[in-house]
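Peer 1:
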Amino acid sequence: MRKRPGIGAIHKQRVEQERFRGKATELQDNVFEQMTNQMEKFRTNLETFASKHRNEIKKNPAFRKQFQEMCSSIGVDPLASSKGFWSELLGVGDFYYEIAVQVIEVCMATSQRNGGLITLGELRHKLIKARGKAQHHQNISNDDIIRAIKKLKVLGSGFSIISLKDTQDSSDVLIRSIPGELNADHTEVLKIAEAQAFTSIETMKCKLKWDDVRCQQIINELIRDGVAWVDEQSTAKTYWFPSFFKPLINEG
Amino acid sequence: MDRLYFKDKNDCSKEITSYSHTTWKGIRLYDGDSKTEYRSETAYLTPSRLYFSSNDRPAMNMVLDLKCIVLVEEEEGSILRSSKIILHLLPHVSEQHSKPYTRSSASFIKLAFSNGGLSNFKICIQKPLLERAWEKHTESSSTSHSVAFQDMKNLIDMAKDMVQLASVMSSKIKDRHGDISDDETVKFKSYLLSLGIEDPVTRNACSSSNMFCQHLAKEITTFLLTPISDSGGFMSLSDAYCRVNRARGFELLSPEDFFQACNYMEQLNLPLTCRKFESGVLVLQLQSETNSQLEKDTESLLQARRKLTAFEVSQELGITIILAAECLYTMERKGVLCRDDTVRGLVFYHNEFSSRT
């Protein structure tokens, strides 16, 4: 008679599984020990780096940018948590979070005038004015501001970054600080209005090749949102965009 | 196995004689879990490399740069299998050398010590991995900027290894759900947070074990309870964020930390809670505040004025425009209000249609 697998075989299999599981826990201990050692070593290295270069990070926008890019290339976000190594030991956190707070304040102060749409250039100008006189307070770059704004998305206030052109020029990037979306049509109108801060239906028809109805519809939506203002006193109605007004030199 | 490459024995001899004090005989190499035909007569360990002499190519050594090693493990053997050392390696990078294996699908190799020396190897390899001598050979440059840049590069390289290590561990945790202790998972999560590594494990960072998050939630509530009560029982999250950070002055909170802490308030039964409107707007509101109070106030305002804009509501009730708008939208959805949407702006009226049918 053929021998069939019996109780003995099942029992043996169970014993094997138990042993393997035991092994797994053992492997785990060793692995965690290694990770702990590595973390300690890394922390020490970071402390050394910080003591040597902390000021460089604070003062030099190019160095900061390099740092940020290197971090993202390896899948690390130094701004994710204020309890992270980068924040605690290197102080990058405070630098960017302070910018974030100031961005919110500037946007809140100007949204009545520009419908919650501000150019990166104007934003930076206002931020620099609001900050202290020390060099490192003045030396913030567009890159710094954009990174801080990207972190603000999680707070649900509708911060979004709109590029009017493919360049990174500060006047070609708009920051929207209220919820709601600008669709592609709205963005097209903004693009043609940017240079002179105003446009008209005729200009829109000519440059965008739209019909009357579409032009009027889109411009009405922009007016309703407070982004565009109507000037009825000109012979043909013109529409002005405070977002593109250049900051006044003697503005108080 | 595709991380090993061939090097002429003559080129290796100087490093080996200067630095290698222990040798191992008869190591068998495994590509992942598969045995290869390589059985090294002698293996040498230096501060930067592991050399294997091979019988089939007597003039060459096989070399593994130690900087490729992410993690060292021991695999315990059984009656049928010997114990082995597992070396987890960084992914393949295209290099110019000639290699025993051009492509391998495994991210680790194993070493079997048929002539013994495994425990000794395990001890000996830890030192060079901690010291990372391969990072120290760069010349110090004259300008401080290049020193700073080089230091930064070294630091980031080390962080890169940590990320790789974390990813190895993350997949182990996923593979062995029941066998991981809570302690170890908590510790691992905290490592990921410290490094700023994005991982599904850390996404809901706030939990009963995260004391920082809990502490924050309570601190924020204590600080904002009065201001929020004074401004109609609601405050937008970004407004709250500004106030809290302004008050702190330094050791500012990241938006993510703030967000996590606010989301945790309800679980802790705190008097404030975080709420999301349909538009995506987030607010902190008093637990006791149902919308009814704000809506009642808006309703009375409407009675007095017949029509309302968000701006008017925000002025009269002392809340932000966004919040005022949300309140009006909510009332509209309930059928209490009707909108009149024109170029002049968005105005709300009492919904006469429903009350007159």
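Note that the protein sequences, when read in sequence, are chains A and B.
Following UniProt numbering, the numbering of the first sequence begins with 1 at its first residue and continues without gaps.
Following UniProt numbering, the numbering of the second sequence begins with 1 at its first residue and continues without gaps.
Backbone N, C-alpha and C define an ideal beta-carbon position, used for all residues, glycine too.
Should the segment 76–88 of chain A be regarded as contacting the segment 209–220 of chain A, the criterion being three or more beta carbon pairs within less than 8 Å?
Peer 2: No: the two stretches stay apart, fewer than three of their Cβ pairs being nearer than 8 Å.
Peer 1: Assuming B/M152 contacts A/Q66 under a Cβ cut-off of 8 Å, what Cβ separation, rounded to an integer in Å, is found between them?
Peer 2: Residue numbering aside, residue 152 of chain B sits at position 152 when the second sequence is read from its first letter. Residue numbering aside, residue 66 of chain A sits at position 66 when the first sequence is read from its first letter. Contact flag correct, Cβ pair sits at about 7 Å.
Peer 1: Kindly indicate the opening and closing residues of the alpha helix (DSSP H) around A/H125.
Peer 2: On the first sequence, position 125 is the one that residue 125 of chain A refers to. From DSSP, the alpha helix (DSSP H) with A/H125 extends over 120–130.
Peer 1: Report yes if the CB atom of A/I201 is closer than 8 Å to the CB atom of A/Q216, and no otherwise.
Peer 2: If you number the first sequence from 1, residue 201 of chain A lands on position 201. If you number the first sequence from 1, residue 216 of chain A lands on position 216. Yes, they are a contact pair.
Peer 1: Closer than 8 Å, Cβ to Cβ, to anything on chain A: give me those residues from the segment 276–307 of chain B, in chain order.
Peer 2: The segment 276–307 of chain B vs chain A, Cβ under 8 Å: K276, S279, G280, V281, L282.
Peer 1: Going along the chain, which residues of the segment 330–351 of chain B sit with their C-beta nearer than 9 Å to a C-beta in chain A?
Peer 2: Cβ contacts with chain A: D341, T342, V343, R344, G345, L346.
Peer 1: Should A/V189 be labelled buried (16 or more other beta-carbon atoms within 10 Å of its own) or exposed?
Peer 2: As a working note, residue 189 of chain A is residue 189 in the first sequence. Classification for A/V189: buried.
Peer 1: For B/I321, count the other beta carbons within 10 Å of its own beta carbon; 16 or more makes it buried, fewer makes it exposed. Which is it?
Peer 2: Translated into positions along the second sequence, residue 321 of chain B becomes position 321. Result: buried.
Peer 1: With 16 other CB atoms within 10 Å as the buried threshold, where does A/T235 fall?
Peer 2: Start at 1 with the first residue of the first sequence, and residue 235 of chain A comes out as number 235. Answer is exposed; the Cβ neighbour count stays below 16.
Peer 1: Cα separation between B/M235 and B/V281?
Peer 2: Here residue 235 of chain B is taken as the residue at index 235 of the second sequence, counted from 1. Here residue 281 of chain B is taken as the residue at index 281 of the second sequence, counted from 1. Approximately 11 Å between the Cα atoms of the pair.
Peer 1: How is B/N61 classed by DSSP in three states: helix, strand or coil?
Peer 2: Residue 61 of chain B sits at position 61 when you count from the first residue of the second sequence. Here B/N61 sits in strand by DSSP.
Peer 1: Residues of chain B with CB closer than 9 Å to the CB of A/E47, please, in chain order.
Peer 2: As a working mapping, residue 47 of chain A is identified with position 47 in the first sequence. Simply none; closest approach about 11 Å.
Peer 1: Going by DSSP in three states, A/P110 sits in which element: helix, strand or coil?
Peer 2: Counted from its first residue, the first sequence places residue 110 of chain A at position 110. According to the sequence shown, residue 110 of chain A is Thr rather than Pro. Three-state DSSP puts A/T110 in a helix.
Peer 1: To which residues does DSSP link B/Q285 through a beta bridge?
Peer 2: Residue numbering aside, residue 285 of chain B sits at position 285 when the second sequence is read from its first letter. Paired residue(s): B/F234, B/T273.
Peer 1: Using 8 Å as the Cβ pair cut-off and three pairs as the minimum, do the segment 117–126 of chain B and the segment 57–76 of chain B touch?
Peer 2: Yes, the segment 117–126 of chain B is in contact with the segment 57–76 of chain B.
Peer 1: Got a sec? Which residues, its chain only, sit under 6 Å from A/L27 by beta carbon, not counting five neighbours each side?
Peer 2: Taking the first sequence and counting its residues from 1, one reaches residue 27 of chain A at position 27. Low confidence applies here, because A/L27 scores a pLDDT of 49, under 50, leaving its location unreliable and the question unanswered by this model.
Peer 1: Output the residue ranges of the beta strand (DSSP E) runs that lie fully inside the segment 67–101 of chain A and measure 3 residues or longer, sorted by chain position.
Peer 2: Qualifying beta strand (DSSP E) stretches: none in this window.
Peer 1: Give me whichever residues DSSP pairs with B/D341 in a beta bridge.
Peer 2: As a working mapping, residue 341 of chain B is identified with position 341 in the second sequence. According to DSSP, which records beta bridges pairwise, B/D341 is partnered with B/L346.
Peer 1: Quick one: Cα of B/H88 to Cα of B/F108, how far?
Peer 2: As a position in the second sequence, residue 88 of chain B is number 88, starting the count at 1. As a position in the second sequence, residue 108 of chain B is number 108, starting the count at 1. Roughly 4 Å between the two C-alpha positions.
Peer 1: Quick check on DSSP: helix, strand or coil for B/E74?
Peer 2: For the purposes of this step, residue 74 of chain B is taken as residue 74 along the second sequence, with counting starting at 1. Residue state, collapsed to three classes: strand.
Peer 1: Residues of chain B with CB closer than 9 Å to the CB of A/M204, please, in chain order.
Peer 2: Along the first sequence, read from residue 1 onward, the residue named residue 204 of chain A stands at position 204. By Cβ distance, chain B contributes nothing, its closest Cβ being about 16 Å from A/M204, past 9 Å.
Peer 1: Per DSSP, B/D31 is paired with what?
Peer 2: If you number the second sequence from 1, residue 31 of chain B lands on position 31. DSSP, once it has assigned bridges, lists B/S34, B/I109 as partnering B/D31.
Peer 1: Using a Cβ-Cβ cutoff of 9 Å, what residues of the segment 181–192 of chain B are near chain A? List them in chain order.
Peer 2: So the list reads S181, E184, K187, F188, S190, Y191, given in the order they occur along the chain.
Peer 1: Of the residues B/R356, B/Q287, B/S279, B/P227, which one's Cα is nearest the Cα of B/L328?
Peer 2: Counted from its first residue, the second sequence places residue 328 of chain B at position 328. Out of B/R356, B/Q287, B/S279, B/P227, B/S279 has the C-alpha closest to the C-alpha of B/L328.
Peer 1: Cα separation between B/Q293 and B/I228?
Peer 2: The residue labelled residue 293 of chain B in the question sits at position 293 within the second sequence. The residue labelled residue 228 of chain B in the question sits at position 228 within the second sequence. Each residue's alpha carbon lies about 14 Å from the other.
Peer 1: Excluding the 5 residues flanking B/K110 on each side, which residues of the same chain have their C-beta closer than 8 Å to its C-beta?
Peer 2: Here residue 110 of chain B corresponds to residue number 110 of the second sequence, with the count starting at 1. Closer than 8 Å at the Cβ level, and outside the excluded window around B/K110, lie L29, Y30, G32, D33, E75, K84, I85, I86, L87.
Peer 1: Counting C-beta neighbours from all protein chains within 10 Å, is the total for B/S98 16 or more, i.e. buried, or is it exposed?
Peer 2: Locating residue 98 of chain B in the second sequence gives position 98, counting from the first residue. With fewer than 16 other Cβ atoms within 10 Å, it is exposed.
Peer 1: I want to see whether chain B comes within less than 8 Å of A/A193, judged by CB atoms only; does it?
Peer 2: Numbered from its first residue, the first sequence carries residue 193 of chain A at position 193. Cβ-Cβ to chain B under 8 Å: no for A/A193.
Peer 1: Tell me the rounded alpha-carbon separation between B/S171 and A/K150.
Peer 2: In the second sequence, counting from the first residue as 1, residue 171 of chain B sits at position 171. In the first sequence, counting from the first residue as 1, residue 150 of chain A sits at position 150. Cα to Cα, the separation comes out at about 29 Å.
Peer 1: To the nearest angstrom, how far is it from the Cα of B/K296 to the Cα of A/D225?
Peer 2: What you label residue 296 of chain B is simply residue 296 of the second sequence in a count that begins at 1. What you label residue 225 of chain A is simply residue 225 of the first sequence in a count that begins at 1. B/K296 and A/D225: Cα-Cα distance of roughly 27 Å.
Peer 1: Mind listing which residues of the segment 41–74 of chain B have their C-beta closer than 8 Å to chain A's C-betas, in chain order?
Peer 2: Answer in chain order: L71, V72, E73, E74.
Peer 1: Measuring alpha carbon to alpha carbon, tell me which of A/C71, A/G6, A/I192 ends up nearest B/V163.
Peer 2: If you number the second sequence from 1, residue 163 of chain B lands on position 163. Cα-wise, what sits closest to B/V163 is A/C71.
Peer 1: Under 8 Å, Cβ to Cβ, is there at least one residue of chain A near B/E312?
Peer 2: The count along the second sequence starts at 1 and reaches residue 312 of chain B at position 312. False, the Cβ-Cβ gap to chain A never drops below 8 Å.
Peer 1: Tell me the DSSP secondary structure of A/F241 in three-state form.
Peer 2: Numbered from its first residue, the first sequence carries residue 241 of chain A at position 241. DSSP places A/F241 in coil when its eight states are reduced to three.
Peer 1: Using the Cα positions of A/N45 and B/L155, report the straight-line distance between them to the nearest angstrom.
Peer 2: Within the first sequence, numbered from 1, the residue matching residue 45 of chain A stands at position 45. Within the second sequence, numbered from 1, the residue matching residue 155 of chain B stands at position 155. The straight-line gap from Cα to Cα measures roughly 7 Å.
Peer 1: What's the C-alpha gap between A/F198 and B/A217?
Peer 2: In the first sequence, the residue the question calls residue 198 of chain A occupies position 198. In the second sequence, the residue the question calls residue 217 of chain B occupies position 217. Approximately 47 Å between the Cα atoms of the pair.
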